[in-house]
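Chemist: Mapped onto the working numbering, the consecutive letters of the sequence shown carry residue numbers 75 to 180.
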Amino acid sequence: MATENDYFRDYMETSAGEPILIVRGVLLFFKSTFSNEKLEELEQDISYQDNFSLENTQKVLDSHKVEDEIARQIIMLLNKKFKEAIEKKAMTSKKLDFIRSIKKKH
Numbered sequence: 075m076a077t078e079n080d081y082f083r084d085y086m087e088t089s090a091g092e093p094i095l096i097v098r099g100v101l102l103f104f105k106s107t108f109s110n111e112k113l114e115e116l117e118q119d120i121s122y123q124d125n126f127s128l129e130n131t132q133k134v135l136d137s138h139k140v141e142d143e144i145a146r147q148i149i150m151l152l153n154k155k156f157k158e159a160i161e162k163k164a165m166t167s168k169k170l171d172f173i174r175s176i177k178k179k180h
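#1: Just verifying my parser: in three-state terms, what is the DSSP assignment at tyrosine 67?
#2: Below 8 Å on the Cβ atoms is my guess for leucine 113 versus leucine 101; work out the distance and round it to an integer in Å.
#3: If you draw a straight line from the alpha carbon of threonine 107 to that of isoleucine 160, how long is it in whole angstroms?
#4: Taking C-alpha atoms, which residue in Arg174, Glu158 and Ser175 lies nearest to aspartate 80?
#5: Determine the extent of the alpha helix (DSSP H) in which phenylalanine 82 is found, giving its start and end residues.
#6: Measure the C-alpha to C-alpha separation of lysine 177 and tyrosine 85 and round it to an integer number of angstroms.
#7: The alpha helix (DSSP H) spanning threonine 166 covers which residue range?
#8: State the DSSP-derived secondary structure class of threonine 131, mapped to helix, strand or coil.
#9: Under the three-state reduction of DSSP, which class applies to lysine 112: helix, strand or coil?
#10: Just to confirm my understanding: we take asparagine 153, look at its own chain, exclude 5 residues before and 5 after, and list those with CB closer than 8 Å. What are they?
Below you can see the structure in the form of structure tokens.
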């Protein structure tokens with residue numbers, strides 16, 4: 075796998091809950107590629123794996139016999155979306171800290 079950073083793993087280390095909403099959003103991009111049943115299976119298997127990582131996600135995709143190019147696209151998109159979620163979370167945290175600091179002053 076050619077990704078330099080595994081944002082899926084990073085996100086799950088700092089997040090509570092499951093990644094199902096992000097996984098579902100990414101898989102919807104491939105609605106025309108898979109049947110609804112297959113999408114559901116992939117969503118469940120990716121969202122509830124034992125050790126969250128892109129490497130394990132690749133294994134899940136391989137076990138479902140997902141075509142290499144499609145699997146590569148899914149991995150890249152998942153990584154991008156988890157990176158965005160981490161950045162959004164950090165921004166929200168900074169905004170909350172700023173609001174709290176202003177409230178303390180007044």
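Just so you know, even glycine gets a beta-carbon here, dropped at the ideal spot from N, CA and C.
Modeler: Inspection of the coordinates gives the following:
#1: Only positions 75 to 180 of the chain appear in this structure, which leaves residue 67 out of reach.
#2: Here residue 113 is taken as the residue at index 39 of the sequence shown, counted from 1. Here residue 101 is taken as the residue at index 27 of the sequence shown, counted from 1. Confirmed, Cβ separation roughly 5 Å.
#3: Along the sequence shown, read from residue 1 onward, the residue named residue 107 stands at position 33. Along the sequence shown, read from residue 1 onward, the residue named residue 160 stands at position 86. One C-alpha to the other measures close to 28 Å.
#4: Within the sequence shown, numbered from 1, the residue matching residue 80 stands at position 6. The shortest C-alpha separation from aspartate 80 is found at Glu158.
#5: By one-based count along the sequence shown, residue 82 stands at place 8. Residues 81-88.
#6: Here residue 177 refers to the residue found at position 103 of the sequence shown. Here residue 85 refers to the residue found at position 11 of the sequence shown. Using only the alpha carbons, I get a separation of about 30 Å.
#7: Position 92 of the sequence shown, counted from the first residue, corresponds to residue 166. Threonine 166 -> alpha helix (DSSP H) spans 142-179.
#8: Within the sequence shown, residue 131 is the residue found at index 57, counting from 1. Helix.
#9: In the sequence shown, counting from the first residue as 1, residue 112 sits at position 38. Lysine 112 falls in the helix class under three-state DSSP.
#10: One-based indexing of the sequence shown puts residue 153 at position 79. Counting only Cβ-Cβ distances below 8 Å, and skipping sequence neighbours, we find Thr77, Asn79, Asp80, Tyr81, Phe82 and Leu128.
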